[in-house]
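Chains S and P supply the protein sequences, listed in that same order.
When the count follows numbering that gives the first Met the number 0, it moves up by one through the first sequence with no breaks and lands on 148 for the last residue.
When the count follows numbering that gives the first Met the number 0, it moves up by one through the second sequence with no breaks and lands on 80 for the last residue.
Virtual Cβ for every residue (Gly too), placed ideally from N, Cα, C.
A quick note: this is a predicted structure, and the numbers were derived from the prediction, not measured.
Input: a single structure, listed below in structure tokens.
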Amino acid sequence: MTVRVQAEPFDAGALLSAFSADRKQAGGIVSFTGLAREATDGSTVATLELDAYPGFTEPAIAAMEAEARARFPVQDLLVVHRYGPIQPGEAIVFVAAAAEHRRAAFEAADFLMDYLKTRAPFWKKETGPDGERWIEPRPSDYDDVKRWS
Amino acid sequence: MAKVLMLGRLRDVAGWRERTLDAPPATLSALRALLSAEDPALGEALAGKGVQAAVNKALVRADAAIAPGDEIAFLPPMSGG
């Protein structure tokens, strides 16, 4: 069970390969990679900047991971989340779940992403030709996380 | 002395991210009042929907005591992924 919050870019394929190695007990692995989009709601995005609160953000994500472990019979979980400036096309977040049976892996990854979208202590600012704007969760993000309550 | 942090858009509203108060007020509500008196726009933003406060990296739901050496952070609605 691992949580990493980092400024450096990461290679989602390499993370998945490393996570998948030597998994003789797992029946399946689900992974999700979230990318920075080039345009949101019709506005071009040159840079996405994620603000984090060091010492607060990591424990909060670790608590979400612990909650996912308690809810779903998974064997292992990995969450990698970036902060700082992120260019369009780069990965922001990577979640992987290994389980004996696929359903638990799908659900744990889905649950973690819904929680990360609405409760992970990050604050996102998009910068583009129209200036800067702070992004908060959409109503649909809050609807998504309610599925788990 | 206490440290005050503004995260996310609050940083832009305040024009600062981190500040040290030599003589911090005794409670979170008094700190909000002090910041609001200095900068009404910031006071309004701090009272905005979904803004939470953390003392020493733990969220506090209602008012809270502030002691010298504490770190107080104001957090707008969070959004990862």
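Look at the alpha carbon of F9 (chain S) and the alpha carbon of A25 (chain P), and state the distance between them as a whole number of angstroms. 44 Å
Helix, strand or coil for L27 (chain P)? Go by DSSP, reduced to three states. helix
Where L115 (chain S) meets chain P, residues with beta-carbon distance less than 8 Å: G79 and G80
By Cβ distance, which residues of its chain are closer than 6 Å to R3 (chain S), with the 5 residues on each side in sequence left out? V79
Using a beta-carbon distance cut-off of less than 7 Å, what residues from the region 123-142 of chain S approach chain P? K123, W133, I134, E135 and P136
For A52 (chain P) versus L27 (chain P), is the C-beta distance shorter than 7 Å? yes
Does the distance from the CB of A65 (chain S) to the CB of L111 (chain S) come in under 7 Å? no
Looking at A108 (chain S) and V73 (chain S), is the spacing between their C-beta atoms short of 7 Å? no
Taking the C-alpha atoms as reference points, what is the distance between F18 (chain S) and F105 (chain S)? 15 Å
Using 7 Å as the threshold, is the C-beta distance between F93 (chain S) and L14 (chain S) below it? yes
Leaving out five residues on either side along the sequence, give the residues of the same chain with a beta carbon under 8 Å from the beta carbon of A63 (chain P). T26, L27, A52 and V54
Find out if the Cβ-Cβ distance for the pair S30 (chain S), A98 (chain S) is shorter than 7 Å. no
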